[in-house]
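Numbering of the sequence shown is given in the working numbering, commencing with residue 3 and proceeding in unit increments. Glycine residues also receive a C-beta, built at the ideal position from the N, C-alpha and C atoms. All figures in this text were calculated on a predicted structure; none of them were measured in a lab. Everything on this sheet refers to the single structure shown next.
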Amino acid sequence: MSQFIESIQLCDGAFKRLEFHQQRINAAFADFYPLLSPFSLHDCLAQSDFPADGLYKCRVEYDEKVSLVEYIPYIIREVKSLKLVTTTLPCLPYKMVDRTVLNKLYAQRGECDDILMVRNGLITDAWVANVALYDGEKWYTPRLPVLMGTQRAALIFSEEIFEKDIYIDDLMNFKSIRLFNAMIEFGQIELNPWSICK
């Protein structure tokens, strides 16, 4: 079984944010396979039989080489409430296939739709999404999330969001919270901080 995964948005035949996915693949190779050159994600996907219409999650699993490329139709699930859960998971620059610990944390959500993880009193991210909070002027994303997401990287690069340590006690000082990932565009899921359950 491969160790790493990239989930890439394919919308009407166009792949989103490939350069940021490639950066994450490069980080995995630098740490785990330093003597090997990372594969080209662009070339890999160009050789695959991808759908030309509709919204799909392109799932690429790999270790030293690509072991799986598949396309799964995607529908955004509704998220209206978040449950605070504590984690000790470290901040990772790449995405692992094994989500056992994350799934156990997600199982603690109770009647809420998703979780909001907290490490050492600091907000990190949701189950499968990064988060950003709005203070009335700017959007801020946790400086050390569990996963360094590709859309997060793109939004930081374009200065649409800014990194900051966000303490759990500061949550109610923000006006809105957004969840986003490779498949969920920034602004598609937005909640009031009062929808966060302790």
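With a threshold of 7 Å on Cβ separation, who are the neighbours of residue i within its own chain once the five nearest residues in sequence on each side are excluded?
i	result
Met174	Pro195
Ser50	Val71
Ala29	Pro95, Tyr96
Val130	Asn183
Could you say which of the options lies nearest to residue i if we only look at CA atoms?
i	options	result
Arg79	Ile198, Ala30, Cys199, Phe182	Phe182
His23	Arg154, Phe34, Val133	Arg154
Phe176	Glu161, Ile77, Trp141, Ile191	Trp141
Tyr35	Asp45, Val81, Ser160, Phe6	Phe6
Ala54	Asp172, Asn132, Tyr73	Tyr73
Helix, strand or coil for residue i? Go by DSSP, reduced to three states.
i	result
Cys60	strand
Tyr73	strand
Tyr35	coil
Trp141	strand
Ala16	strand
Asp11	The residue asked about is misnamed: residue 11 is Gln in this sequence, not Asp. Reduced to three states, the DSSP call for Gln11 is strand.
Ser178	strand
Phe22	helix
Leu193	strand
Within its chain, find whatever has a CB closer than 8 Å to the CB of residue i; leave out the 5 residues flanking it on each side and keep chain order.
i	result
Val120	Leu86, Val87, Thr88, Thr89, Thr126, Ile170
Tyr82	Reading off the sequence, residue 82 comes out as Lys, not Tyr. Same-chain partners within the cutoff: Asp115, Leu193, Ser197.
Leu47	Ile10, Phe17, Leu20, Cys60, Val62, Val71
By Cβ distance, which residues of its chain are closer than 6 Å to residue i, with the 5 residues on each side in sequence left out?
i	result
Cys199	Lys85, Cys114
Ile158	none
Ile191	Val81, Leu181
Is the segment 61-80 close to the segment 14-22, with three or more CB pairs under 8 Å? These segments do not touch.
Pairs of beta-carbons, one from the segment 5-13 and one from the segment 42-60, closer than 8 Å: are there three or more? Below 8 Å, enough C-beta pairs join the segment 5-13 and the segment 42-60 to call them touching: three or more.
Stretch pair the segment 140-155 + the segment 89-99: three plus CB contacts closer than 8 Å: In short, these stretches touch, since the Cβ pair count reaches three.
Three or more C-beta pairs under 8 Å: does that hold for the segment 33-45 against the segment 109-129? Contact between the segment 33-45 and the segment 109-129 is absent: fewer than 3 CB-CB pairs across the two stretches fall below 8 Å.
Return the chain-ordered ranges of every alpha helix (DSSP H) run that is complete within the segment 72-142 and spans a minimum of 4 residues. Scanning the segment 72-142 for uninterrupted alpha helix (DSSP H) segments of 4 residues or longer gives 102-108, listed from N- to C-terminal end.
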